[in-house]
Amino acid sequence: MRAKLSDKHQKALNFFDSKLNGKFITHLNSCVHCGLCGESCHYYLATKDERFMPARKVDLVASIYRRYHTFAGRFLPKLVGARDLNDETIEEMVDVLFGACTMCGRCSVHCSIGVDVPFLVRTARSMLVEMDLVPKGLQSTVDAAINTGNNMGIPRNEFVDTLEWLEEDLQMEVEDDNAEIPRDQKGKKIMYTLNPREPKFFPLSISAMAKIYYAAKESWTISTNTYDVTNYSYYSGDNEGARELTDRLCKEMKNLDAETLVLAECGHGSRAIRWEGPNWVEKEYPFKVITVIEVIADYIRSGRIKLDPSKNTQLITLHDPCNLVRAGGIIEEQRFILKNAVENFIEMTPNRENNYCCGGGGGQLAMSEYNERRVESGRIKADQIRATGAKIVATPCHNCIDQLMGLNSDYKLGVEIMTIGEIVANALILGVE
Amino acid sequence: MPEIDINGKKFEVDGDGFLQKPEIWNEEVAILFANSDGTGELNEKHWAVVNYIRSHWLENDMAPMVRNICKNTGLRLREIYQLFPLGPARGACRIAGLPKPDGCV
Numbered sequence: 189m190r191a192k193l194s195d196k197h198q199k200a201l202n203f204f205d206s207k208l209n210g211k212f213i214t215h216l217n218s219c220v221h222c223g224l225c226g227e228s229c230h231y232y233l234a235t236k237d238e239r240f241m242p243a244r245k246v247d248l249v250a251s252i253y254r255r256y257h258t259f260a261g262r263f264l265p266k267l268v269g270a271r272d273l274n275d276e277t278i279e280e281m282v283d284v285l286f287g288a289c290t291m292c293g294r295c296s297v298h299c300s301i302g303v304d305v306p307f308l309v310r311t312a313r314s315m316l317v318e319m320d321l322v323p324k325g326l327q328s329t330v331d332a333a334i335n336t337g338n339n340m341g342i343p344r345n346e347f348v349d350t351l352e353w354l355e356e357d358l359q360m361e362v363e364d365d366n367a368e369i370p371r372d373q374k375g376k377k378i379m380y381t382l383n384p385r386e387p388k389f390f391p392l393s394i395s396a397m398a399k400i401y402y403a404a405k406e407s408w409t410i411s412t413n414t415y416d417v418t419n420y421s422y423y424s425g426d427n428e429g430a431r432e433l434t435d436r437l438c439k440e441m442k443n444l445d446a447e448t449l450v451l452a453e454c455g456h457g458s459r460a461i462r463w464e465g466p467n468w469v470e471k472e473y474p475f476k477v478i479t480v481i482e483v484i485a486d487y488i489r490s491g492r493i494k495l496d497p498s499k500n501t502q503l504i505t506l507h508d509p510c511n512l513v514r515a516g517g518i519i520e521e522q523r524f525i526l527k528n529a530v531e532n533f534i535e536m537t538p539n540r541e542n543n544y545c546c547g548g549g550g551g552q553l554a555m556s557e558y559n560e561r562r563v564e565s566g567r568i569k570a571d572q573i574r575a576t577g578a579k580i581v582a583t584p585c586h587n588c589i590d591q592l593m594g595l596n597s598d599y600k601l602g603v604e605i606m607t608i609g610e611i612v613a614n615a616l617i618l619g620v621e
Numbered sequence: 240m241p242e243i244d245i246n247g248k249k250f251e252v253d254g255d256g257f258l259q260k261p262e263i264w265n266e267e268v269a270i271l272f273a274n275s276d277g278t279g280e281l282n283e284k285h286w287a288v289v290n291y292i293r294s295h296w297l298e299n300d301m302a303p304m305v306r307n308i309c310k311n312t313g314l315r316l317r318e319i320y321q322l323f324p325l326g327p328a329r330g331a332c333r334i335a336g337l338p339k340p341d342g343c344v
């Protein structure tokens with residue numbers, strides 16, 4: 189019979205129970221153990237550790253369901269592989285569901301019956317949130333975003349100072365004293381967002397986008413209060429935090445009276461804000477949300493910007509961020525952009541929705557505890573890059589960029605990693621009507 | 240707690256190789272870290288960056304913006320990336336003995 193649960197465990201189980209609906213139960217009960225998912229997972233491929241097979245991850249979550257919600261699981265748990273929600277089970281959940289999954293969803297594409305593995309993993313992560321068991325670095329990144337307004341705790345005055353500095357630089361580059369990086373301006377068409385790592389450590393991507401907006405004569409602004417495109421609560425499974433961060437962007441859109449929220453090159457941020465966000469705030473957005481990749485592609489298509497691909501002569505390949513491509517369906521825009529902006533482009537194999545995760549998703553970059561696995565699982569991506577012979581890897585995701593920079597050094601790939609915006613800015617022809 | 244061993248010296252680090260006890264940092268640690276992470280021999284410009292990051296962290300308990308690194312060292316932005324191939328965070332901040340900054344770095 190069932191052992192009495194501690195208050196903490198009961199809280200987690202109550203959460204689990206509250207999420208039980210047709211979709212959740214169907215995905216929990218559908219795995220037929222065919223094993224196809226193993227060969228699709230970069231963790232399993234890189235380590236051959238069976239605990240990391242997606243089907244095993246699914247079964248870990250399903251075993252809790254069986255224990256508390258099926259007749260056989262209640263009375264003969266061992267017979268049906270039902271597990272108590274106890275310290276041992278929970279330790280394994282933290283280790284495998286936080287520490288060995290990027291929620292990249294490649295397994296779901298290959299699953300013979302389409303089990304939504306990332307959905308199950310994230311729901312289980314939400315249970316761990318209830319027990320305060322989110323790994324330290326991931327939780328502190330969430331906390332920084334909630335408490336300071338951005339996930340790196342950048343003080344507002346330093347952010348403004350950085351934008352002013354970049355604006356001066358832009359004016360020199362385009363030789364126009366009126367070129368600007370507009371801050372907190374009301375009634376603009378676009379409110380643009382940033383990943384805090386851009387102003388903090390890698391601002392060239394901000395300069396690149398400012399130059400593109402300048403060339404396109406765009407009406408745009410950045411909010412100096414609410415600009416963070418990331419939503420680490422999406423990764424951690426913290427639905428209340430995810431709702432709060434989404435709600436802040438909604439309020440700032442209203443405050444600045446902007447028409448369109450444009451999401452910076454950020455895979456999970458795009459997914460969280462554009463596709464998951466309305467569920468968290470429980471309403472449709474009263475404004476348009478679009479990724480900057482679509483904005484740039486539209487500029488090229490409509491002739492608002494002109495590019496000279498001979499400015500980018502080196503062989504360039506493209507990494508597809510899972511959340512943007514496999515989950516979001518933004519697949520061809522970045523290819524259309526690159527074909528217009530560079531002379532030599534090569535696909536890595538496999539690509540598009542079948543692409544391998546770089547290993548940096550799911551909050552892995554914030555969880556030092558699992559660093560070794562992150563680097564090891566990234567070997568699959570490193571091999572893919574090496575096989576292209578490319579000198580530059582472009583990717584529309586700052587999170588992927590950081591992982592790729594690490595892989596570049598760890599696996600001695602000798603490549604340069606760039607955003608799509610940086611490559612486009614490099615090829616811009618200014619002064620044409 | 241993971242340990243790394245550089246030239247027979249052991250350091251307690253987090254999973255990303257950042258010092259667990261930032262207070263044990265000294266110039267020798269910086270030299271050892273830089274030699275083992277691909278940064279190589281530290282020149283005057285490297286030291287200007289590392290020392291500025293270190294003092295900013297001691298005063299403010301956080302890594303400085305790259306804008307301030309440039310302002311205080313007189314280096315151009317692109318030079319920072321050339322000096323520290325792993326970037327300001329995983330490169331320079333780690334060599335300066337800081338804990339790993341939060342976020343996508």
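Line order of the protein sequences matches chains A and B. According to the working numbering, the residues represented by the first sequence are 189 to 621, in order. According to the working numbering, the residues represented by the second sequence are 240 to 344, in order. Just so it is clear, CB atoms sit at the ideal spot from N, CA and C, and this is done for glycine as well.
Between residue 339 of chain B and residue 255 of chain B, is the Cβ-Cβ spacing less than 8 angstroms? yes
Take residue 587 of chain A and list the residues in its own chain whose beta-carbon comes closer than 7 angstroms to its own, dropping the five residues that flank it on each side. Result list for residue 587 of chain A: 454, 455, 456, 548, 549 and 553, in chain order.
When you measure from the CB of residue 618 of chain A to every non-hydrogen atom of the ligand SAM, does any distance come out below 7 angstroms? Absence of the ligand SAM from the depicted structure is noted, as is the absence of any ligand whatsoever, leaving it without description.
Where residue 253 of chain B meets chain A, residues with beta-carbon distance less than 7 angstroms: Chain A residues near residue 253 of chain B: 556.
Compute the beta-carbon to beta-carbon distance between residue 338 of chain A and residue 416 of chain A, rounded to the nearest angstrom, for a pair I have assumed lies under 8 angstroms. 4 angstroms
Give the residues of chain B in contact with residue 590 of chain A, contact being defined as C-beta atoms less than 7 angstroms apart. 343 and 344
Residue range of the beta strand (DSSP E) that includes residue 352 of chain A: Element bounds for residue 352 of chain A: not the beta strand (DSSP E) but the alpha helix (DSSP H), 344 to 362.
Within chain B, partners of residue 389 of chain A - CB distance below 7 angstroms: 305, 326, 327, 328 and 344
Pair within 8 angstroms by beta-carbon distance, residue 611 of chain A and residue 581 of chain A: Contact flag unset, no.
Cut-off 7 angstroms between Cβ atoms - residues of its own chain near residue 469 of chain A, not counting five sequence neighbours on either side: The answer, listed in chain order, is 431, 434, 435 and 438.
Please report how far the alpha carbon of residue 306 of chain A lies from the alpha carbon of residue 281 of chain B, in whole angstroms. 44 angstroms
Between which two residues does the beta strand (DSSP E) harbouring residue 450 of chain A extend? 448 to 451
Taking the C-alpha atoms as reference points, what is the distance between residue 377 of chain A and residue 609 of chain A? 19 angstroms
What three-state label does DSSP hand residue 279 of chain A in the structure shown? helix
So which residues of chain B does residue 341 of chain A contact, with C-beta pairs closer than 8 angstroms? 301 and 341
Quick one: which residues of the segment 256 to 281 of chain B get their C-beta closer than 9 angstroms to a C-beta of chain A? List them in chain order. 256, 257, 276 and 277
Compile a chain-ordered list of the residues in the segment 383 to 414 of chain A whose CB is closer than 8 angstroms to at least one CB of chain B. 383, 384, 385, 387, 388, 389, 390, 391 and 392
From residue 263 of chain B to residue 295 of chain B, what does the alpha carbon distance come to, in whole angstroms? 17 angstroms
Buried or exposed for residue 260 of chain A, going by 16 or more other Cβ atoms inside 10 Å? exposed
Just mark residue 386 of chain A as buried or exposed, buried being the case when its beta carbon has 16 or more other beta carbons within 10 Å. Classification for residue 386 of chain A: buried.
So, using beta-carbon positions, are residue 319 of chain B and residue 289 of chain B closer together than 8 angstroms? no
Going by other Cβ atoms of all chains shown within 10 Å of its Cβ, with 16 needed for buried, is residue 575 of chain A buried or exposed? Label assigned to residue 575 of chain A: exposed.
Nonlocal neighbours in the same chain, by C-beta distance under 6 angstroms from residue 501 of chain A, ignoring five residues either side: 531
Cβ neighbour criterion (16 or more within 10 Å) applied to residue 263 of chain A: Exposed, by the Cβ-count rule.
Given residue 546 of chain A as reference, the closest of A:253, A:313 and A:594 once Cα atoms are compared: Nearest of A:253, A:313 and A:594 to residue 546 of chain A, Cα basis: A:594.
Assuming residue 301 of chain A contacts residue 273 of chain A under a Cβ cut-off of 8 angstroms, what Cβ separation, rounded to an integer in Å, is found between them? That belief does not hold up - the Cβ atoms of residue 301 of chain A and residue 273 of chain A are roughly 26 angstroms apart, past 8 angstroms.
In this structure, how does DSSP classify residue 317 of chain B when only helix, strand and coil are distinguished? helix
Note down, in chain order, every chain A residue with its Cβ under 8 angstroms from the Cβ of residue 316 of chain B. Within chain A, the residues near residue 316 of chain B are 391 and 392.
Step through the CB atoms of chain B and report whether any lies within less than 8 angstroms of the CB of residue 553 of chain A. yes
May I ask you to report which of helix, strand or coil DSSP gives residue 603 of chain A? coil
Beta-carbon proximity of residue 308 of chain A to residue 215 of chain A, cut-off 8 angstroms: yes
Reduced DSSP secondary structure (H/G/I, E/B, other) of residue 252 of chain B: Taken through DSSP and simplified to helix, strand or coil, residue 252 of chain B comes out as strand.
State the start and end residues of the unbroken beta strand (DSSP E) segment that holds residue 582 of chain A. 580 to 582
Under three-state DSSP, which class holds residue 263 of chain B? helix
Could you check where the beta strand (DSSP E) with residue 477 of chain A kicks off and where it finishes? 476 to 479
Alpha carbon to alpha carbon, how far is residue 585 of chain A from residue 423 of chain A? 15 angstroms
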